[in-house]
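Going letter by letter, the sequence shown gives residues 7 to 289 in my numbering. Here the structure comes first, spelled out in structure tokens, and everything after it is commentary.
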Amino acid sequence: MSSSTPPRVLTIAGSDSGGGAGLQADLRTFFACGVHGMTAVTAVTVQNSLGVSGVSVIPAEIVAAQIETVADDIGVLAAKTGMLATAEIIEAVAKACDRVHIGRDGEIPFVVDPVAASMHGDQLLLDNALDALRTELFPRATLVTPNLDEVRLLTGITVRSYDESREAAKALHAMGPQWALVKGGHLHDSPECVDVLYDGETFLELPARRIDTKHTHGGGDTMASAITSALARGASVPEAVRFGKEFVTNAVQHAYPLGGGVGPVSSFWRLPRETLPTFGQKG
Ligand code: PLP
């Protein structure tokens with residue numbers, strides 16, 4: 007007898023060869039949230055724990071074709087974006103999403119994580135693509151999830167306080183998404199990470215404990231993927247964001263060192279230890 011099909015979700019994102027961030031983090035999080043993950047690959051990065059040393063961008067029509075082919079056959083209950091690399095890819099993604107009803111005017115929730123650079127400062131989006139992100143994807147988004155560096159690039163606002171987080175959420179919302187989430191994780195002088203969620207009328211403040219670790223690679227991807235999984239399971243946007251915040255806080259708490267640089271946050275915390283195989287493990 008076959009099992010029932012889990013909710014199906016799509017990430018439109020880049021590959022991290024080190025397995026810490028990008029679509030690898032997305033798929034791991036989808037698995038831990040009990041949804042079937044699918045990928046439209048936008049770029050292949052040559053990456054380890056020390057940073058990105060090369061990028062090969064996938065042709066825009068192949069990115070669009072990946073979206074359409076899985077949507078037409080398998081179906082998509084919610085989708086997210088990660089690294090989109092170029093304006094051409096962003097434009098192709100917008101058109102493909104319209105065709106398969108992903109996004110604001112279709113019925114399928116669409117989380118736009120406006121990935122611009124890695125935590126090492128490696129560029130993951132060309133400068134001229136910021137405009138395309140604002141004009142092509144933001145108006146189609148159910149939710150946008152920038153960190154404070156991305157907020158500054160997109161709005162020009164440098165956030166140093168919660169009042170400025172609210173001001174930034176308003177500016178992002180004015181670019182067209184249904185909801186804007188300004189993540190407070192990079193506001194380092196605060197004892198808590200407070201995120202601000204705004205729908206054009208009400209601000210919701212979402213606090214979480216700050217965890218002292220340098221291993222936070224893939225944290226943004228993991229949070230957006232957990233949110234997308236919850237949306238595919240029928241959560242409202244505030245419910246999904248609360249779930250994503252709780253998920254990533256635990257993932258940061260369970261982050262592990264990897265290589266000589268920055269290790270990834272861990273979605274493994276969701277898997278009961280006793281389910282993991284033990285075979286006299288080496289290193
Ligand atoms: N590499 C890829 C392919 C990504 O998509 C991302 C983030 O979305 C990163 C690297 C950067 O992750 P971090 O900022 O957590 O280092």
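Beta carbons: idealized from backbone N, C-alpha and C, even for Gly. Everything numeric in this text was worked out from a predicted model, so none of it was measured.
Secondary structure of R172, DSSP reduced to three states: helix
Confirm the yes/no value for this check: CB of G226, any heavy atom of the ligand PLP, distance under 7 Å. yes
Could you check the C-alpha separation between D128 and R140 for me, to the nearest Å? 21 Å
Which residue's Cα is closest to the Cα of W275: S124, G267, G266, V258? V258
Checking the sheet assignment: what are the DSSP bridge partners for Q53? V58
The region 228-236 / the region 100-119 touching (three or more Cβ pairs under 8 Å): yes
DSSP on D137, reduced to helix/strand/coil? helix
Candidates F144, V52, A66: which alpha carbon is nearest G60's? V52
Pick out whichever of D79, M44, G24 has its Cα sitting closest to the Cα of L33. M44
Secondary structure, alpha helix (DSSP H): runs of 4+ residues fully inside the region 57-93: 66-79
If you count every other CB in all the chains shown that lies within 10 Å of the CB of H107, and 16 or more means buried, which is it? exposed
S21 beta carbon near the ligand PLP (any heavy atom closer than 7 Å): yes
When you compare the region 91-109 with the region 216-223, are there three or more beta-carbon pairs, one atom per stretch, that lie closer than 8 Å? no
Buried or exposed, going by whether 16 or more other CB atoms sit within 10 Å of the CB of T48? buried
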